[in-house]
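Colleague:
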């Protein structure tokens with residue numbers, strides 16, 4: 003028995019060093035929050051936001067299926083979530099051709115996000131047939147041919163046989179693949195007008211296309227699409243550090259896309275400019291049209307176009323989650339008022355404060371001196387959670403809603419459960435006759451298993467709620483999971499080390515009546531009690 007006790011005492015970690023590490027982490031988090039000079043971002047129900055209605059674009063005599071609407075809702079929701087926007091809502095309303103999609107986004111970023119998620123994002127890789135300036139009228143080049151023209155002599159009637167003469171005639175010559183009809187469309191399209199550069203066009207992948215580039219400085223006649231968006235497996239934004247082209251989007255094709263892309267790049271390398279160019283077309287606009295100098299058969303490609311980091315990330319997220327099955331027109335844009343949410347926020351915070359005070363009073367009344375550890379653990383956990391709310395709002399766009407506040411309030415009980423399990427196990431060890439310093443480690447060895455199992459249950463529940471629920475429930479699940487991680491961190495890096503330090507003080511080790519380790523507090527029966 004003594005050998006086990008000695009081994010336990012030797013195996014004690016250095017609690018002072020552990021708490022010092024925790025202090026450094028808190029200082030680092032506080033410094034980052036101070037540098038960001040930001041506050042906790044509030045959700046749609048607390049600070050208001052933007053609500054936009056998307057109306058499906060239906061051809062005359064056509065119809066909108068519920069399956070297409072459901073698919074569009076799923077894709078839009080994935081896009082919003084991939085941008086790190088918490089507490090957003092994407093819902094379908096109406097029936098038949100009157101169906102609409104309503105997107106509600108908290109804060110002042112709503113307009114940008116709605117612009118992004120409403121894109122049809124129909125990606126096409128098309129061969130360039132011809133290219134010109136944004137206001138060019140034709141792609142044709144003129145060739146001179148000689149033909150016989152009959153010209154009557156002056157002062158004579160046209161009936162006698164005149165003397166034939168030779169004259170030059172200008173014959174238009176179009177590039178390969180360009181017809182007179184396509185040339186007429188090319189001339190009629192004025193890319194210098196902003197309305198012709200709006201995008202969102204649903205083009206026929208199997209037919210040639212006349213399109214503008216994004217800034218209107220050029221326009222193209224393009225061949226049928228040979229690689230489409232469904233051939234893309236993944237997409238990501240990356241900084242071109244070697245080529246110096248700024249931000250770009252990296253594409254990885256699936257098996258079918260790799261084969262198609264290899265064939266088209268192998269063919270166009272043999273052609274003269276501009277027909278050796280392959281245009282990347284998104285929503286009917288040309289993003290870039292690089293020359294293909296060699297066949298690309300590895301299944302990887304990149305889209306460049308002087309993107310900013312935000313533009314490249316947005317484009318990658320749109321391509322990653324596929325094309326919307328419908329084209330949409332933007333309907334009503336409304337600002338959501340936070341008035342009701344502000345009242346609920348006040349009530350929620352009051353409820354949380356009352357619960358916290360009750361937990362603290364119970365800890366001090368029941369555990370006496372150990373209540374210091376309870377109060378300290380709750381304070382540290384609250385501080386870390388608050389700093390994480392600020393930092394995650396900046397890093398991933400996390401927004402705190404009423405549901406999230408509910409998750410944070412529930413975490414008070416989770417943290418209380420953790421130190422209660424440890425305290426009771428510790429007091430059991432002291433009742434069994436061990437000294438307080440020895441009981442700190444032996445009790446922790448047994449208590450931490452229960453704490454980890456209990457918190458694991460909360461984490462599993464949070465993960466299931468987050469991945470299978472929508473709307474406010476996801477906010478509750480995210481906050482609950484985050485605060486559960488914080489609880490585990492605080493128990494290991496603050497609660498246990500602090501108890502180890504306190505166990506070395508005479509006030510606790512001597513069993514003072516206010517320490518929480520007196521015979522009365524532990525319920526130990528003495529000879530005096532028997533008498």
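Numbering (the working numbering), first residue to last: 3 to 533.
Where is the CB? At the ideal position from N, CA and C, for every residue including glycine.
Nothing here was measured: the structure is a model prediction, and the numbers come from that model.
1. For the region 374-384 and the region 418-425, state whether three or more C-beta atom pairs, one from each stretch, are separated by less than 8 Å.
2. Ordered along the chain, which non-local residues of its own chain (more than five positions away) have a Cβ less than 7 Å from that of residue 336?
3. On the DSSP bridge assignment, give the partners of residue 193 in chain order.
4. Would you give the residue range spanned by the alpha helix (DSSP H) that residue 408 belongs to?
5. From 439, 310 and 409, pick the residue whose C-alpha is nearest to that of residue 16; which is it?
6. Counting C-beta neighbours from all protein chains within 10 Å, is the total for residue 36 16 or more, i.e. buried, or is it exposed?
7. Note down, in chain order, each residue of its chain lying with its Cβ closer than 7 Å to the Cβ of residue 331, except the 5 sequence neighbours on either side.
8. Put residue 362 into one of helix, strand or coil per three-state DSSP.
9. Going by Cα to Cα distance, which pick from 222, 428, 515 and 100 is closest to residue 449?
10. Out of 238, 254, 227 and 516, state which residue places its alpha-carbon closest to the alpha-carbon of residue 283.
11. Under 8 Å: do the region 345-359 and the region 469-489 share three or more Cβ pairs, one atom per stretch?
12. For residue 241, tell me which candidate among 494, 70 and 312 has the shortest Cα-Cα distance.
13. Can you round the beta-carbon distance between residue 216 and residue 289 to whole angstroms, since I take them to be within the 8 Å contact cut?
14. Mind pulling the beta strand (DSSP E) runs of 3 or more residues that sit fully within the region 426-509?
15. Would you mind working out which of 386, 233 and 127 sits nearest residue 33, comparing C-alpha positions?
16. According to the neighbour-count rule (16 or more other Cβ atoms, all chains shown, within 10 Å of its Cβ), is residue 22 buried or exposed?
17. Would residue 443 and residue 489 be called neighbours here (beta carbons separated by less than 8 Å)?
18. Whole angstroms is fine: what's the gap from residue 408's alpha carbon to residue 486's?
19. Looking at C-alpha atoms only, which residue of 498, 400, 30 and 249 is the closest neighbour of residue 445?
20. In angstroms, rounded to a whole number, what distance separates the CA positions of residue 104 and residue 78?
21. Give a yes or no on whether the C-beta atoms belonging to residue 281 and residue 291 are separated by under 8 Å.
22. Using the beta-carbon count (16 or more within 10 Å), is residue 221 buried or exposed?
23. Since residue 126 and residue 225 are thought to touch, with beta carbons under 8 Å apart, how far apart are those beta carbons, to the nearest angstrom?
24. For the putative contact between residue 209 and residue 263, defined by C-beta atoms under 8 Å, what is the C-beta separation to the nearest angstrom?
25. Could you give the residue range of the alpha helix (DSSP H) that holds residue 223?
26. Give me, in chain order, the residues of the same chain whose beta-carbon lies closer than 8 Å to that of residue 3; leave out the 5 immediate sequence neighbours on both sides.
27. Measure the alpha-carbon distance for residue 55 versus residue 329 and round it to whole angstroms.
28. Need the endpoints of the alpha helix (DSSP H) that residue 30 sits in, please.
29. Grouping DSSP H, G and I as helix and E and B as strand, with all else coil, what is residue 135?
30. Spatial neighbours of residue 517 within its chain, please: C-beta separation below 7 Å, excluding the five flanking residues on both sides.
31. Tell me residue 249's beta-bridge partners as DSSP assigns them.
32. Would you mind working out which of 193, 91 and 273 sits nearest residue 287, comparing C-alpha positions?
Modeller: Short version:
1. yes
2. 53
3. As far as DSSP is concerned, residue 193 takes part in no beta bridge.
4. 404-433
5. 439
6. exposed
7. 57 and 59
8. helix
9. 428
10. 227
11. no
12. 312
13. 6 Å
14. Listed in chain order, there is nothing to give.
15. 386
16. It counts as exposed.
17. no
18. 13 Å
19. 498
20. 10 Å
21. yes
22. buried
23. About 10 Å; that fails the 8 Å criterion.
24. At roughly 20 Å, the Cβ-Cβ gap does not stay under 8 Å, so residue 209 and residue 263 are not in contact.
25. Note, residue 223: premise wrong, no alpha helix (DSSP H); beta strand (DSSP E) at 220-230.
26. For residue 3, the predicted model reports a pLDDT of 41, less than 50, meaning its position is unreliable and no value from the coordinates is stated.
27. So the two alpha carbons sit approximately 13 Å from each other.
28. 17-38
29. strand
30. 370, 371, 509 and 510.
31. 241 and 309
32. For residue 287, the nearest C-alpha among the options comes from 193.
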